[in-house]
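Colleague:
In this note's numbering, the protein residues as written are 89 to 246.
#1: Kindly identify the DSSP beta-bridge partner or partners of residue 183.
#2: Should residue 133 be labelled buried (16 or more other beta-carbon atoms within 10 Å of its own) or exposed?
#3: Take residue 226 as the anchor and find which of 149, 189 and 164 has the nearest alpha-carbon.
#4: If you draw a straight line from the C-alpha of residue 234 to the C-alpha of residue 149, how long is it?
#5: What are the boundary residues of the alpha helix (DSSP H) that residue 149 is part of?
#6: Given 8 angstroms as the limit, is there contact between the segment 175-195 and the segment 147-161, that is, 3 or more CB pairs closer than that?
#7: Using C-beta distances below 6 angstroms, list every residue in its chain close to residue 231, excluding the 5 sequence neighbours before and after it, in chain order.
#8: Taking residue 310 as the reference, which of 214, 219 and 130 has the closest Cα?
#9: Assuming residue 112 contacts residue 241 under a Cβ cut-off of 8 angstroms, what Cβ separation, rounded to an integer in Å, is found between them?
#10: Could you check if residue 218 is buried or exposed, using at least 16 other CB atoms within 10 Å of its CB as the buried criterion?
#11: For residue 112, which residues does DSSP report across the bridge?
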């Protein structure tokens with residue numbers, strides 16, 4: 089009981105910056121989701137480029153066009169996360185690389201678990217939908233956290 093009380097008191101009096109290291113603010117959660125979206129679209133484009141098209145375009149070409157058109161948004165997301173990692177004493181480059189790799193590996197596993205035609209039928213419409221989105225639409229998508237697809241850190245109380 090004494091140990092529990094000590095831990096509770098320690099947490100209460102711990103500087104907020106230390107407590108905040110284990111949670112995301114809204115902009116960091118949006119940034120992580122944005123990087124996740126981009127990573128998933130890349131894997132879909134690569135896996136489905138020969139099986140499906142986005143309005144007559146190869147899906148990987150469509151993914152690249154989407155990425156170029158929204159480079160500032162996704163670059164901003166990356167910078168937000170790199171600042172978060174630096175602020176929390178982590179290697180920013182290695183951390184962002186690991187995050188991207190983890191996201192890409194998850195959707196790659198989904199692709200490996202399905203027949204290619206089924207995977208592409210299910211996931212390729214995402215590239216077509218993403219191409220039609222405005223910057224604000226993409227931000228709204230990235231800012232929406234679904235219980236089935238949470239971010240890697242809890243949200244800080246705001």
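Using N, Cα and C, we set each Cβ at its ideal position, and we do this for glycine too.
Modeller: For this structure:
#1: According to DSSP, which records beta bridges pairwise, residue 183 is partnered with nothing at all.
#2: Under this definition residue 133 is a buried residue.
#3: Ranking 149, 189 and 164 by Cα distance to residue 226 puts 164 first.
#4: Taking the straight line from one Cα to the other gives about 28 angstroms.
#5: Unbroken alpha helix (DSSP H) run through residue 149: 147-157.
#6: With a cut-off of 8 angstroms, the segment 147-161 and the segment 175-195 do not count as touching, because too few Cβ pairs lie within range.
#7: The answer, listed in chain order, is 118.
#8: Residue 310 lies beyond the residue range present for the chain, which begins at 89 and ends at 246; the question has no answer from this structure.
#9: Contact check for residue 112 and residue 241: beta-carbon distance about 5 angstroms, within the 8 angstroms limit, so the pair qualifies.
#10: Burial call: buried.
#11: For residue 112, which the question treats as bridged, DSSP gives the partners 243.
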